[in-house]
Amino acid sequence: MIIDYKNLITATGLVLLTAACNQPANEPGTTEAAEQEANTVTACVGSLDRKDFQDTIDGKSSDLYVLKNSNGACAAITSYGGRIVSLVVPDKDGKPTDVSVGFKTVKEYQGPGDAYFGALIGRVGNRIAKGKFSLDGKEYTLATNNGPNSLHGGIKGFQAVVWNAVQSNDSTLSLSYVSKDGEEGYPGNLTVNVVYTLGADNAVKIDYKATTDQKTVANLSNHTYFNLNGEGSGTILNHLVQINADKYTPVDATLIPTGKLEPVAGTPFDFTKPAAIGARLDTNVNQQLKNGGGYDHNFVLNDAGTSLHQAAQVTGDQSGIVMDVFTTEPGLQFYIGNFMSGKSSFKSGAKDDYRTAFCMETQHFPDAPNQKNFPSIVLEPGKEYTSTTIYKFGVKK
Ligand code: GLA
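Per the numbering used here: the sequence shown = residues 881 to 1277.
As structure tokens, this is what we get:
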């Protein structure tokens, strides 16, 4: 049987990955290859099997979607948590390289080994001290799921729900979710829409929008763990990082900001010029590194306003892959996998070993609802929350 790719796509309403990254999107394969590829997401994203992402979770069906372009980039995203499962870009020699770490099955993402891998984060990313905040004099209580604090939206944040997904073409996936009034302790029905776009320039753009019917708080992010040398290639400590931030927000021992904005100059937090992640990680000489167990801090981005500005640039020391991060957000949580414990296995079979991936979570500052001097994350009815972040990939030879 000859499978007509275009009809297959139209008939199912889902775009299955049917061509390798570096082939034109609609190039027909052989019959056998086509049948195999209908379920197995091949060259683009390792050996993911779409069936392993089809599950029923809280009564909703999850699935796997693939974005691809004709310049060797592909992204596989599951509607469970809106997670980037795989992100393949060419390295300096043109070799397809999966720069995001993650699991092979949606079951593993629901298991104890998950640490928000690839996920959309909300309703409020990062920590809220003691899981409490007030709006108009009314106190709200959230689950404390990270020591004494609430982390990443609570026990069942946006990483753990099935989003409605609509894929209209090879480059765009639109996800939506309605977070009910009272969900995880937050007030107001929050309607959230997130659009992933893979550009011809190998940029993954994430556009977030949200509205509410009651005053609430919102701070959305994405928690992709990157290893620019490729998943399973070991430590990220030799990656070169530049962050466009003259200040950062120091934290207490539970990772709640002290409220101060401190200069990075003269500290291991100075990434205003490119530096290897591991070059200055001695926790004996820096109390902030001790508090964070390494870098796990919010950087105050220099050019923050409402338009896109460059937050960071990271280079994989072996692959030559360069990732530029642009955002409309004022902050960037730079986290270097300090809690990765080697207990789980990723797609490639590699363990989730200590510091073998890093995150760059664009955001408003942690604990914003309790910190008067931080930009507000309050969202009012009639207003729209909007945020955009771009992870753009290229190479340095
Ligand atoms: C965020 C936090 C980290 C850690 C990870 C998930 O980046 O800042 O402390 O909780 O999420 O493990």
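From the three backbone atoms N, C-alpha and C, an ideal C-beta is built for every residue, glycine too.
Inter-residue Cα distance where the pair is residue i and residue j
i	j	result
P1087	F1151	The residue asked about is misnamed: residue 1087 is Asp in this sequence, not Pro. In a straight line, the C-alpha of D1087 is about 26 Å away from that of F1151.
E1111	A955	14 Å
F1238	G1062	32 Å
K1223	K987	16 Å
N1118	A1156	5 Å
N951	V1084	13 Å
Q1168	V1131	7 Å
A1230	S1101	26 Å
T936	S942	6 Å
H1032	R930	27 Å
A1045	I1257	26 Å
T1104	L967	10 Å
D1176	G1274	26 Å
V1058	L1000	14 Å
T1096	L1259	5 Å
V1194	M1203	5 Å
M1220	F1106	13 Å
L1212	F933	30 Å
S1113	P1067	43 Å
S927	K1227	8 Å
T1266	V965	24 Å
S1048	A1145	47 Å
F1038	G961	6 Å
D1050	Y1076	11 Å
D1079	E1019	Strictly speaking, residue 1079 in this sequence is Gly, with Asp absent from that position. Taking the straight line from one Cα to the other gives about 43 Å.
G1173	A1159	15 Å
G998	P1246	19 Å
D971	S1199	5 Å
F1149	T1129	10 Å
A1090	G1196	34 Å
Unbroken alpha helix (DSSP H) run spanning residue i, endpoints
i	result
V1121	Note, V1121: premise wrong, no alpha helix (DSSP H); beta strand (DSSP E) at 1120-1123.
Check: residue i C-beta below 6 Å from any heavy atom of the ligand GLA
i	result
Y1215	yes
F1219	yes
D1283	Residue 1283 is absent from the structure shown; the chain starts at 881 and stops at 1277.
A995	yes
Boundaries of the beta strand (DSSP E) in which residue i is found, first to last residue
i	result
Q1243	1238-1243
S1221	First-last for S1221: undefined, no H or E at that position.
H1103	1101-1103
S1280	Coverage of the chain is limited to positions 881 through 1277, which leaves residue 1280 absent and any answer about it impossible.
A854	Here the chain comprises residues numbered 881 to 1277, so residue 854 is not present and cannot be evaluated.
G1034	Counting along the chain, G1034 falls outside any beta strand (DSSP E), and DSSP gives it neither H nor E.
S1059	1052-1059
Y1271	1265-1275
L1015	1012-1015
E1019	1018-1021
T1195	1189-1195
I1279	With the chain covering only 881 through 1277, there is no way to say anything about residue 1279.
Q1039	Premise fails: Q1039 is in no beta strand (DSSP E) and is neither H nor E.
Residue-chain proximity (residue i, chain D), Cβ-Cβ < 7 Å
i	result
I1123	Checking the listed chains, one finds no chain D in this structure; it contains a single protein chain.
Practice item. List in chain order: all unbroken alpha helix (DSSP H) runs of 4+ residues lying wholly within the segment 918-1001. Key: 986-989
Check your understanding: Any contact of the segment 934-952 with the segment 1017-1027, i.e. 3+ C-beta pairs under 8 Å?
Key -> no
Practice item. Return the chain-ordered ranges of every alpha helix (DSSP H) run that is complete within the segment 1121-1176 and spans a minimum of 4 residues. Key: 1167-1172
Check your understanding: Between the segment 1002-1015 and the segment 972-990, do three or more beta carbon pairs fall short of 8 Å?
Key -> no
Review point. If we count Cβ pairs, one from each stretch, closer than 8 Å, do we get three or more for the segment 1121-1128 versus the segment 1181-1189?
Key: yes
Review point. Are the segment 1135-1148 and the segment 1261-1272 in contact at 8 Å, needing three or more beta carbon pairs?
Key: no
Check your understanding: Does the segment 997-1007 touch the segment 1227-1245, meaning 3 or more C-beta pairs lie closer than 8 Å?
Key -> yes
Practice item. Within the segment 1055-1095, note down every full beta strand (DSSP E) run reaching 3 residues or more, in order along the chain. Key: 1070-1078, 1083-1092
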